[in-house]
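Protein chains: 2
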Amino acid sequence: MALIVQKYGGTSVGNPDRIKNVARRVAQYRAAGDQIVVVVSAMSGVTDGLIRLSKEITALPSEREMDMLLATGEQQTIALTAIALHSLNVDAVSLTGAQAGIVTDGVHTKAKIQNITPREVHKLLDAGNVVIVAGFQGQTAEGAITTLGRGGSDLTAIALAAALKADLCQIYTDVDGIYTADPRIVPGAQKLPEIAYDELLELAGAGAKVMQLRSVEFAKKFNVIFEVRSSLNENPGTIVKEETTSMEDVVVRGVSLDKNQAKITLFGVPDQPGRAAGIFRALADAAINVDMIVQNASHDGGVRVTDLSFTVDKPDLLKASKVIESLRPTIGFKEAESNENIGKVSVVGVGMRSHSGVAAKMFDVLAHEQVNIDMISTSEIKVSVVIDLAKGETALRALHKAFLE
Amino acid sequence: MALIVQKYGGTSVGNPDRIKNVARRVAQYRAAGDQIVVVVSAMSGVTDGLIRLSKEITALPSEREMDMLLATGEQQTIALTAIALHSLNVDAVSLTGAQAGIVTDGVHTKAKIQNITPREVHKLLDAGNVVIVAGFQGQTAEGAITTLGRGGSDLTAIALAAALKADLCQIYTDVDGIYTADPRIVPGAQKLPEIAYDELLELAGAGAKVMQLRSVEFAKKFNVIFEVRSSLNENPGTIVKEETTSMEDVVVRGVSLDKNQAKITLFGVPDQPGRAAGIFRALADAAINVDMIVQNASHDGGVRVTDLSFTVDKPDLLKASKVIESLRPTIGFKEAESNENIGKVSVVGVGMRSHSGVAAKMFDVLAHEQVNIDMISTSEIKVSVVIDLAKGETALRALHKAFLE
């Protein structure tokens, strides 16, 4: 008898019929004799509808009250899922995040899980129930309702799997698993049978929108093995786990294209200690996430100066440009330039650690496709380049062909 | 500085604009320096929508899970009401029933309040907040979410007013208060400045749909004085309180017409001890509520037999008829007859206790209108008669004119 945690996203529980489908799948697993904990999101559209209601009242609602409001979405789904299981003669009990013992800090709308006391979950499982837990939510030690922010339901499932020492954690979604590249762009993309946490982190960070980074980071930290699979069919998905030696046989696990970055370049920054720190501290204070940073070798221009480029999320570009402009007197750069028409192409794989020449091969492939490289950034298991947005998909396909087909 | 509990029903908080109106009214009271606790229902339509979703899954959802589902309706309203108060720069905090310390028994969908520990409410009030509490809900001592059934939000307000020793409890609704008769039927109906608990109980029991009996019973038991008034204007409403001697100066406080009753008559019931008990125990076991019971004097028919009439709620008639038919062998009555075309007309007033002749005057008025009386039932402060449904409104108007104009 195994203990399985299954998580179903908003599309999978989007209406009563889909909730009945989820219940049928859960009932199958239950009939095989396993203990099942189900984590569900709000029905798709419910959360957006609640946000719209709040915006009709005020543009800037309090975060505590938004948590109180939004937590009702998942609470509705757990009740309906329990009702659907009952109609299949499966014993089931729903629990809110608070009732399931999920304790968070008090940072409303993006709370962090502090600990989980799964006493009630264990008790109900041992009594023969499927236990259905509201994703995305918890409560503070003082009893205030909190939500975990984007990707919160995945996090609930993975954290519960860790706390319950579950044998298996399945993240059901509307795709079949994790692919070597986005199949909408690369027709030859293949589903991966398994992938290392670090590879998934690099791919997610490189724009592959499978899961939020924090859930994968949590899983890595607590060594929770999970499977990403589809709620629409019975196909096996992709197992995400700690790196194994056999994974190194594959040099590149996947390639990705991130179209959501913009680039800012500062020309003529005086090459003195503290200038770069001043720039990135100001951006961090404005809650702007900086991804790639490249600084060219300094050159002479009266005093020694250098050029500095970095990328930010496209929606943050305007805000970032304003921060940069406000720094001109203190930093003393000559000129700032921004460019939204860029794409970031990455190749990812733990096998790179023991194989040299990945970057060289990547640049060869891009040169052969007449793609000009604008910025380069590397990690132990990833090489990313910034290129012209218009060449993004061509570059992705060429890299997939060269490394993965 | 007074402590005021205000309750707003589903229509009063039916959309974001109405919630803003409620917030403006609350802000006015708060600006006068009073401490305010606001109890709200679900936005009108929300509860019905959730019930519809559950019915799409199964016809008979579990009551525990229906409580989990429906409790979200009020939770959404408290959050939106708090957000609306913030936008008026009024400090406000929302609390679910559980967070407000409302502990109930475990009878899901119609739980009874066992006790209220308003520590959190007091703490938040003392810190300068308006406290917004979700009506209709509580939790068991074990932490399961419960709902209080029909009229539950009124009950939450009155029970909180008792627990907080509030100076004033206001029940805001879409009517101006309690009237001498239904103004849609009787054009001369007047709003009552005050009414005794017992009178309101008899009027509610007699079909006037102002408030559920249990909320009024609770208020009477704990001597909570409350005001029924409109959320759409500033008119004073009706104060509901313990009977005072001055109330006896008015013989009849109000008249009502209940069109929702049906009558069953059993002819030729053997006049032996235990026969009536057998009938009404069987009906009670089937959860059928019996209102009026009339037994005629027995007469000779071989053995001595009697005729027995009683009324039930119209939707229960079919079920009641089946129960009665199943009793024929054991009870041994000759014939059963049912009639849906009846109306119950009642006159109510604590002044009746010290004034004789109310019944006689009532029968005179009805005779003058050519209304035939079918059944009669009296209490200390009420006389009810069953008549032909078609004559109901005529009778009500005539009685209002004779007693109240």
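Chains as they are written, first to last, in my numbering: chain H, 847 to 1251; chain Y, 847 to 1251.
C-beta: ideal position from N, C-alpha, C; glycine also.
Q) If you run the structure through DSSP and keep just helix, strand and coil, what is Gly1178 (chain H)? A) coil
**Q.** Any 3 or more C-beta pairs closer than 8 Å across the segment 1097–1104 of chain Y and the segment 1126–1135 of chain Y
**A.** no
Q. Taking 8 Å as the CB-CB cut-off, is Pro964 (chain Y) touching chain H?
A. no
Q. Nearest to Leu926 (chain H) by CA position, among Y:Ile897, Y:Asp937, Y:Thr950, is which residue?
A. Y:Ile897
**Q.** Nearest to Asp951 (chain Y) (by Cα), restricted to the options Y:Ile991, Y:Val1204, Y:Val976, Y:Ala973
**A.** Y:Ile991
**Q.** Check: Thr963 (chain Y) C-beta below 7 Å from any heavy atom of the ligand COA
**A.** The model on display carries no ligand, and the ligand COA is accordingly not part of it.
**Q.** Helix, strand or coil at Val892 (chain H) according to DSSP, with G and I counted as helix
**A.** helix
**Q.** Cross-chain neighbours of Gly853 (chain Y) in chain H, by beta carbon under 7 Å
**A.** According to the sequence displayed, residue 853 (chain Y) carries Lys and not Gly. Within 7 Å Cβ-Cβ: nothing; Lys853 (chain Y) doesn't reach chain H, min ~19 Å.
Q) Does DSSP put Leu971 (chain H) in a helix, in a strand, or in coil? A) helix
(Q) One question on the structure: do Leu1038 (chain H) and Tyr1025 (chain H) come within less than 8 Å of each other, judged by their Cβ atoms? (A) yes
**Q.** C-beta contact flag for Glu1048 (chain H) and Ser1225 (chain H) at 8 Å
**A.** yes
Q: Please state if the CB of Phe1179 (chain Y) and the CB of Val1115 (chain Y) are separated by a distance shorter than 8 Å.
A: yes
Q: Return the chain-ordered ranges of every alpha helix (DSSP H) run that is complete within the segment 871–943 of chain H and spans a minimum of 4 residues.
A: 892–903, 909–932
Q.
DSSP has Ile962 (chain Y) in a bridge; who is on the other side?
A. Y:Ile948
Q: Kindly indicate which residue of H:Ile1041, H:Leu1250, H:Ala1122, H:Val1193 has the alpha-carbon position closest to the one of Thr1090 (chain H).
A: H:Ile1041
Q.
Let me make sure I understand the geometry here. Which of H:Met1198, H:Val1194, H:Leu1242 has the alpha-carbon closest to that of Glu1215 (chain H)?
A. H:Leu1242
**Q.** Cβ-Cβ distance between Leu1001 (chain H) and Lys956 (chain H) below 8 Å
**A.** no
Q. Taking 8 Å as the CB-CB cut-off, is Thr918 (chain H) touching chain Y?
A. yes
Q: Starting from Tyr1043 (chain H), trace the alpha helix (DSSP H) both ways and give me its first and last residue.
A: 1043–1051
Q: Taking 8 Å as the cut-off, decide whether the C-beta atoms of Val1204 (chain Y) and Val1229 (chain Y) are in contact.
A: yes
Q. Secondary structure at Gly1083 (chain H), three-state DSSP: helix, strand or coil?
A. coil
Q. Shorter than 8 Å from the beta carbon of Gly989 (chain H) to some beta carbon of chain Y?
A. yes
Q) Exposed or buried, Thr1176 (chain Y), counting other C-beta atoms within 10 Å across all chains shown (16 or more means buried)? A) exposed
Q | Beta-carbon separation (whole angstroms), Val872 (chain H) vs Ile882 (chain H), contact threshold 8 Å | A | 6 Å
Q. Name the chain H residues whose beta carbon is nearer than 7 Å to that of Ser940 (chain Y)?
A. Glu911, Met914
**Q.** Under 8 Å by beta carbon: chain H residues contacting Lys866 (chain Y)
**A.** Ile903
**Q.** Contact belief for Gly947 (chain Y) with Val967 (chain Y) at Cβ below 8 Å, rounded distance in angstroms
**A.** 7 Å
**Q.** Endpoints, beta strand (DSSP E) assigned at Lys1190 (chain Y)
**A.** 1188–1194
(Q) Could you tell me the alpha carbon to alpha carbon distance between Gln852 (chain H) and Ala987 (chain Y), rounded to whole angstroms? (A) 30 Å
Q) From the DSSP output, which residues share a beta bridge with Ile991 (chain H)? A) H:Gln985
Q. How would you write the range of the alpha helix (DSSP H) that Ile1004 (chain Y) sits in, first residue to last?
A. 998–1010
**Q.** Residue from Y:Ala905, Y:Asp1210, Y:Tyr875, Y:Met912 with nearest C-alpha to Val884 (chain Y)
**A.** Y:Tyr875
Q.
Check whether chain H comes within 8 Å of Leu896 (chain Y), counting only Cβ atoms and requiring the distance to be less than that.
A. yes
Q: Could you have a look at Leu1078 (chain Y) and say whether DSSP puts it in helix, strand or coil?
A: coil
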